[in-house]
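Engineer:
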Amino acid sequence: MSRYTGVTERDLREMLDVIGVESVDDLFAEIPEGVRLGRELDLPAGRAEQDVYEHLAGLAGRNRHCDEEVTFLGAGMYDHYVPSLIDTLLQRSEFLTPYTPYQPEVSQGGLQVMFEFQTAISELTGLPVSNASVYEGPSAVAAAGYLAKLETRRSKLVASRGLHPHSRGALRTHAAGYGMEVVETPLTATGATDTDALAAAVDDDTAAVFVQQPNFLGTVEELGELTEAGKSTGAVAVCAADPLPLGILRPPGELGVDICVGEGQTLGNRLDFGGPSFGFFAAAQRFLRKLPGRIAGETRDVDGKRGFVLTLQTREQHIRREKATHNICTSQALNALAGVVYLSWLGKRGLVELAELMLRRTHYAREALALERINPGPVIREFAVRVPDLDALFERARAEHINPGYRLGRDYPEYEDGLLVAITERRGKEDIDRLAAVAASVREKVAA
Amino acid sequence: MSRYTGVTERDLREMLDVIGVESVDDLFAEIPEGVRLGRELDLPAGRAEQDVYEHLAGLAGRNRHCDEEVTFLGAGMYDHYVPSLIDTLLQRSEFLTPYTPYQPEVSQGGLQVMFEFQTAISELTGLPVSNASVYEGPSAVAAAGYLAKLETRRSKLVASRGLHPHSRGALRTHAAGYGMEVVETPLTATGATDTDALAAAVDDDTAAVFVQQPNFLGTVEELGELTEAGKSTGAVAVCAADPLPLGILRPPGELGVDICVGEGQTLGNRLDFGGPSFGFFAAAQRFLRKLPGRIAGETRDVDGKRGFVLTLQTREQHIRREKATHNICTSQALNALAGVVYLSWLGKRGLVELAELMLRRTHYAREALALERINPGPVIREFAVRVPDLDALFERARAEHINPGYRLGRDYPEYEDGLLVAITERRGKEDIDRLAAVAASVREKVAA
Amino acid sequence: MTTDLDPRAGEETLTIFERSREGRRAFVAPDCDVPELPVEELLPKEGVRERPAELPEVSEPELVRHYTTLSSKNFHLDEGFYPLGSCTMKHNPKLHERVAALPGHARLHPLQDPEYAQGALELMWRLQGALAEVAGLPHVSLQPSAGSHGELAGLLLTRAYHEAQGEPRTKVLTPDTAHGTNPATVTMAGYQVVKVGTAADGGVDLDDLRAKADADVACLMLTNPNTLGLFDSNIEEIERIVHEAGATLYYDGANLNAVMGIARSGDMGFDIVHFNLHKTFTQPHGGGGPGAGPIAVSDRIEPFLPTPQVVRRPGGNGSEPLFDLDYDRPRSIGRLRGFHGNFGVFVRTYAYIRSLGGDGLKEASQVAVLNANYLKALLAEEGIAEYLPIAFDRTCMHEFVVSGRGAKERLGVKTLDIAKRMLDHGVHPPTVYFPLLVDEALMIEPTETETKERLDHFACVVRAILEEAREDPEIARGAPYTTPVRRLDEAGAAKRPIVRWRPEDEND
Amino acid sequence: MTTDLDPRAGEETLTIFERSREGRRAFVAPDCDVPELPVEELLPKEGVRERPAELPEVSEPELVRHYTTLSSKNFHLDEGFYPLGSCTMKHNPKLHERVAALPGHARLHPLQDPEYAQGALELMWRLQGALAEVAGLPHVSLQPSAGSHGELAGLLLTRAYHEAQGEPRTKVLTPDTAHGTNPATVTMAGYQVVKVGTAADGGVDLDDLRAKADADVACLMLTNPNTLGLFDSNIEEIERIVHEAGATLYYDGANLNAVMGIARSGDMGFDIVHFNLHKTFTQPHGGGGPGAGPIAVSDRIEPFLPTPQVVRRPGGNGSEPLFDLDYDRPRSIGRLRGFHGNFGVFVRTYAYIRSLGGDGLKEASQVAVLNANYLKALLAEEGIAEYLPIAFDRTCMHEFVVSGRGAKERLGVKTLDIAKRMLDHGVHPPTVYFPLLVDEALMIEPTETETKERLDHFACVVRAILEEAREDPEIARGAPYTTPVRRLDEAGAAKRPIVRWRPEDEND
Ligand SMILES: Cc1ncc(COP(=O)(O)O)c(C=O)c1O
Ligand SMILES: Cc1ncc(COP(=O)(O)O)c(C=O)c1O
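Chains as they are written, first to last, in the numbering used here: chain A, 2 to 449; chain B, 2 to 449; chain C, 34 to 541; chain D, 34 to 541.
1. Between which two residues does the beta strand (DSSP E) containing residue 227 of chain C stretch?
2. Shorter than 8 Å from the beta carbon of residue 331 of chain A to some beta carbon of chain B?
3. When DSSP labels each residue in this structure, what does residue 404 of chain A get in the three-state scheme?
4. Taking 7 Å as the cut-off, is the CB of residue 256 of chain C close to at least one heavy atom of ligand 1?
5. Thinking C-beta only, is residue 435 of chain D closer than 8 Å to residue 421 of chain D?
6. Note down, in chain order, each residue of its chain lying with its Cβ closer than 8 Å to the Cβ of residue 120 of chain D, except the 5 sequence neighbours on either side.
7. Among B/229, B/300, B/93, which residue has its Cα nearest to the Cα of residue 528 of chain C?
8. With C-beta atoms as the reference, is residue 299 of chain C less than 8 Å away from residue 168 of chain C?
9. Does the beta-carbon distance from residue 107 of chain D to residue 294 of chain A come in below 8 Å?
10. If you run the structure through DSSP and keep just helix, strand and coil, what is residue 48 of chain A?
11. Less than 6 Å between C-beta atoms, sequence neighbours within five positions excluded: which residues of the same chain meet that for residue 374 of chain D?
12. Which one of C/261, C/123, C/448 has the shortest CA to CA distance from residue 427 of chain C?
13. Measuring only between beta-carbons, confirm whether residue 139 of chain D sits less than 8 Å from chain B.
14. Taking 8 Å as the threshold (beta carbon to beta carbon), is residue 427 of chain B in contact with chain A?
15. For ligand 1, is there a heavy atom less than 7 Å away from the beta-carbon of residue 288 of chain C?
16. When you measure from the CB of residue 281 of chain D to every non-hydrogen atom of ligand 2, does any distance come out below 7 Å?
17. Which same chain residues, not among the five before or five after residue 40 of chain C, have their C-beta less than 8 Å away from its C-beta?
18. Excluding the five sequence neighbours on either side, which residues of its own chain have a C-beta within less than 6 Å of the C-beta of residue 383 of chain D, listed in chain order?
19. On the three-state DSSP scale, how would you describe residue 187 of chain C?
20. Which bits of chain A does residue 384 of chain D rub up against, with CB to CB less than 7 Å?
21. Check whether the Cβ of residue 298 of chain D lies closer than 7 Å to any heavy atom of ligand 2, and answer yes or no.
22. Take every Cβ of the stretch 325-344 of chain C, pair it with every Cβ of the stretch 363-372 of chain C, and state whether three or more of those distances are shorter than 8 Å.
23. Could you please give the first and the last residue of the uninterrupted beta strand (DSSP E) stretch that includes residue 428 of chain A?
24. Residue 199 of chain B: which of B/162, B/219, B/147, B/181 sits nearest, CA to CA?
25. Could you tell me which chain C residues have their CB closer than 7 Å to the CB of residue 226 of chain A, listed as they occur along the chain?
26. Leaving out five residues before and five after residue 81 of chain C in sequence, what residues of the same chain have Cβ atoms less than 8 Å from its Cβ?
27. Along the stretch 108-127 of chain D, what residues have a CB closer than 8 Å to any CB found in chain C?
28. So for residue 208 of chain C, helix, strand or coil by DSSP?
29. Compare the C-beta of residue 63 of chain B with all C-beta atoms of chain D and state if any pair is closer than 8 Å.
30. DSSP three-state label for residue 37 of chain D, please.
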């Protein structure tokens, strides 16, 4: 099955001759007997490309994807339209196959993309500096916690239950590593972060405070008040933000937030059953030399020509090793490219138009469903409602190839009968009305 | 809806100013009132990319394609596996978007591809010269007729009924233009071209004789004998060949054929409901300066560097105008690229392996179907059988998502109950056995 | 192993055949799951190859690298300005590639039963309607494979029409500025070419037309705007003259990008028009195809249209109408090609029309004409106009022609040299030496998808080349310098044509 | 408007923000089909933006040209030799992109109910099995996002394991040749790094290891073959020492490409291994990701694996087994990230494993090692070896390290200069200045998908550079000359960092 190697019999003879060994096996002489596998790997035999394609297509065919149902499922990843030019660009070998740009003279394409990505994220978040990407949303939250630890030397992290459950989970897992405790603060009766409870949890040993905008239920948080409360003892204010609503929401940077991270899937990336996408990481100027991961900087070459390089590498693991600001090496460059191309495709006015369309449809959907509201206040992109008979709703919706949303009970015992409904530019009035009709039929069934 | 144009209000003012007119309408002043449309075009309004995608995906979803049924339908286009690297290469802007290579210094990629394509087609057909492509198979047959007219100044064309019905149709239509008569000669009782009838039809006014290998029924013709018979009075011997079987069949060039043309869809191209694909056109050395369309030639640049150019352009319409050897300008360059990449992907041994696999499976299928044979002799790729109750066969096959093949009665009244069954490397034993089972059930039904 | 500066120098240009090494492979055959009978048992002895075709033996990595590296030697539309006159090098929207690749399109067999191909047939039927509306001619055939093939169809229809009237006629009129495919088509359709002169204002010479439009003329082939980029405002008079002579009027639709939604060939009295979907409707040019040349015709020509035609049959019991292929066309000229046309091209064209809508198509033409007139004005400025004078000083449509006569006479620099020097500035030259009417012609068509900055930059490039030529004409004469190869010996290639690689070549 | 020879010189490098022109657009919003209530009615006043984000305003053609032109400035794997040590730049098969793009994969929501995602869950489950077999460790978690993330997971598992034994332990041993991510991970996991020395033969200094492997050591992180490209034949002794100290043994799988099907980390006694799917298993590197770093662990570590885990539950009434996500893992270290890992990467890896099968994976390692030893032998020839002596003169595995000490001392040309000069010869330099142990290191990993001709050509390039440097060292010191930009001021970029474009920058 050597379609990917090119050693002919003649090559083999000549190469062994030059090396000065009899056979390829001789090259493995230094591997002690005891650790040699000494048998074939127990794996299915290699197959022709067409057979592998059939097998993979068969597996793919057993998944119900977003073009086969009308989905209101969100909870962190969303069914947005990805413009065709993104795949056209990402499939170019010039973007798809290079390594991290260690030789800048032959990587100006990748480095300028990083620089433009950093600019776009800074504009969205209202914070002056951004790195070139981290893995995804939840681990970006964990990375912010680590930065706060290095910055404040304190040991407590305060996180609102408004944060995505996966963000809170990743934060706890990483914090166990870097020796910090995570304290969660509750939501109010109307599904917003409880400012007072947050203020109460913050003390002199609090390194960072975490809120999410909009929060997991879709509530538009009072970010200004929350940040003020959180920073009362000098903690780092971290906001996990959904990038598209930032088209019309006040940028976290303008509300006292120190670090704004978030999930980048909605910016021109695939759902891909949860990854790969990218995380973004923007911060106040003073954190520039503490940022995790790659950063591209503008400079000039010997002829005075404009160019870009990886900069401030002394923060990174390949230079500072055990004193690095983070252990990340390979990150999400190709997915970040999709992000900046998508933001340029939307453009200055397009982002506003898309965010406003989502805002209005979210509002329309909540009205149309006419179910009891868990977060009656302002919402964007998502909202939570109580459903008298969730199983019935799912069953009837499924019958009409509708996926009604996320069962909140999986992560929030307090919302056992809660349904999280997500809205994108792909969910038109017609789709929403069909969901509303199903909801109505369930309501009547329960009422009858 | 100006996502594809970029004239801002400021640009418009500045440009009108430089031109010296008040408005864009002024630029159309010379169009007489009587021919101005003066109303909106009656077309559906422009839509956002995502809406156009939905509409096109909706239309595509109403077609049953080759991944949704096991198809034995052939008759000129076949369900072969296209390796992934072909789309990867064809979607590169560097191949997809340039025009015909009029400026060779910046078109060496396209010109070298044409040169390599010409080499591969010459190797397949056993003829020394080939052009860079024509539209598709049937119009390539018509182009061969035109070349024979220019070459011999005679007025009759003799074509076996073994030729694809579309080739005979296109030949008749074009011949009506260039003033030639087409005489068809019959098949024998065993579905092969009747050599004697062919010899009889050929006379001193015959410009060209046309046969197909394998013929429309899949019969492997006695090409040597037919060519000899056809050339008895100096006519040009034209063979329309299926390229993949040429992997193991004797090349037409070695059997006295002067011109070998054919359909290129099976060489790495899509089915695409009939097009675009490409036609190939190879010929004996003496016809080099009479070939239709583009030809790439090897040469050197001023520094002695190897390069390629469009050559012998004096044959072509943009130079010789009314004395051109053919009126073709835009041809099938991108599809021909897929053809040469596919042939290089198969490679010297792969083409033989693929052709042998098709030969053996064709034989196996004919045996398994156990139906009365219209062409009992040697067959490759396709074979014709009589089916007692064709409608029943189609009905039962359809129920199992099998498309049993082509109803010969559509083009051959003499085979009213005939079924043409096509075999490719995608039709494995399992598929063939399922078709055989359906055929058996129909046989029993008729027998009962 | 040379050690000079050019990284590519070390690696002589190799064809894929010269990269072949016995034993390498990219293809792995699927297992043979049927009895492996010897070939001799299944084929007649003398019908079998003695030696395999000498195709290359390469691994997938080397195959991909070979063609990827080759592609990077091509100038292309997603890189820079490509103002090839009469080719309409407008942006190829990327949505079109995605919808064309949908399996429902790309994997659909042409002979699939119509009831399982309703999506494809409806798309073709709707495209026919849209093209009819744009052309102003009611009946459309999508079958012709490109513009030239559409021209041939047009003249075969003209022949069938005249023969049905009992007058076979022998001549076809074409303006001397016509594209080479027009006269080539006339000959191929068995007619005799008669050239019609061009008047001082660049339009058809009406007197010459009246003189030549006799009873033996079957058809006048015209494109309006013409290949000088000028709209022939005498079109109504031309139509009258031709129709009075009993001839048909054929419209070469290559220049349609100037007048979409503004003027329609049907309203100009044309009987037959071909479209170039790879020009006006964004099918990518692919290095020389594929394209498509559908035709729209008037009522009197309809009966002769090629077979099959896509039709909509009224649904039986009120069900959805059935789209179908109609083969029952007794007076049709018959088939032009295999199956029913370049469907993949129709998908892209239809996506373009549904993306822009009527007002979007009209806006495209308006901006194409605006951009052409703006660039013409920039090139009319001092420092350029003296060397590249405009051929006809009138408002142009989507393209305009300048003459390199000034540069040749004053600077000793031919249009060819100017074009080659442009290659060093990262722009593709305009069409050169066409139409033949204009000495040292440069035909410039910017299209609507270029920005003002690109047009300004092109004018700067032209100005810089002329300035440089004033100081040292040798530079342009030796250009290009920065391209993968420099000027090539085209004469030698024609004298001793090498049109394929040969194994024995390897050692010469 | 400069008129010098470089076609690109005329066009200063512009960011997409500087190409923006007010009013241009590529995005057309779908119609608003719900009541257009004013934003103020739906959002709190102070929560709304005052001014829109300054994103660029460009049309689709300009957007595509901007990024296509940028891409052509990148050296890439489908262009030439890319021997970056420890990065395994092997060919990325194109089949993998096709299957990854299937809607059943690319368009599948991560929270889709398991019964509607059986294809994806089965693929993950089968991949877990295959990786377990390759690693020789039974339990696999696919969740880590890259190698470093896998390392962190490994040390968090180690922490959980030791805490469960009641001994928290504080130190982690890493060889001084370890990749920078190892020590960085140790710190991030709250441990203290203790470096272990390297013996003369390039393997772990056993005495130093014995001295440092005390009861406070939680884990030894090792990669075998190591970053010098040498297989540490004392691995069984190392395993004994570490396990006797009660520590876990962590295997950095970045160098797995040398030993697939030949030697397995599980059989070497490792407890935890991470894979770099973007190295060994062909996930394209994408300019710095995405990748994936799944881990395989021994029985004693399994309980602590991240949540959720992909499991196969026995089907109910004999029906198909249900593949599912298991969240009920009481002793798990919890989540490392969102959802369940980089599924798109798993699709490509799984396609690779099913394409090659066991014997194909083994052949890949054998050829990778053959190619490395062959290239090492070529560089050991006279005219090269004096300047670039091999660091450890032993049979190497998939990579080897040479030292630029000879060139520095004899020619006054540093490894950096040699690397930059390689750029002018159309090859990508090896990894430079790593591992730190070797002075002026050049770490060369050819991989199995390169041909003998490419290795010969690379040796010629090295020889030519050294020959040239003997005559004129200045040439290498000033290299590169033919790249889009020449050497860049990295110091300046760090001193006055400019990490984003600013509107006002336009006029400075
Ligand atoms: C004016 C004109 N007419 C006809 C044609 C022929 O069209 P095609 O190349 O599609 O055959 C062209 C093509 O360049 C043209 O420019
Ligand atoms: C030896 C070694 N270990 C670990 C890593 C880190 O892997 P990743 O880049 O996937 O985080 C690398 C990456 O280059 C490496 O070479």
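For every residue, glycine included, the Cβ atom is placed at its ideal position computed from N, Cα and C.
Structural biologist: So, from the data block:
1. Unbroken beta strand (DSSP E) run through residue 227 of chain C: 225-229.
2. Closer than 8 Å: no.
3. strand
4. yes
5. Judged by their CB atoms, residue 421 of chain D and residue 435 of chain D are nearer to each other than the 8 Å cut-off.
6. 312, 318, 464, 478
7. B/300
8. yes
9. no
10. coil
11. 175, 176
12. C/261
13. No, its Cβ sits nowhere closer than 8 Å to a Cβ of chain B.
14. yes
15. Because some heavy atom of ligand 1 lies under 7 Å away, the Cβ of residue 288 of chain C counts as near it: yes.
16. no
17. For residue 40 of chain C, the pLDDT reaches just 43, beneath the cut-off of 50, and the residue's location in the model is therefore unreliable, leaving the point undetermined.
18. Within the same chain, residue 383 of chain D has close Cβ partners 156, 160.
19. In the three-state DSSP reduction, residue 187 of chain C falls in the helix class (H, G or I).
20. 53, 57
21. no
22. Verdict: yes, contact present.
23. Careful: residue 428 of chain A lies outside any beta strand (DSSP E) and carries neither H nor E.
24. B/162
25. What residue 226 of chain A touches in chain C: nothing, since even the nearest Cβ is about 44 Å away.
26. Result list for residue 81 of chain C: 72, 73, in chain order.
27. 111, 112, 113, 124, 126, 127
28. Reduced to three states, the DSSP call for residue 208 of chain C is strand.
29. no
30. The predicted position of residue 37 of chain D is uncertain, since its pLDDT is 39 and thus under 50; no value can be drawn from it.
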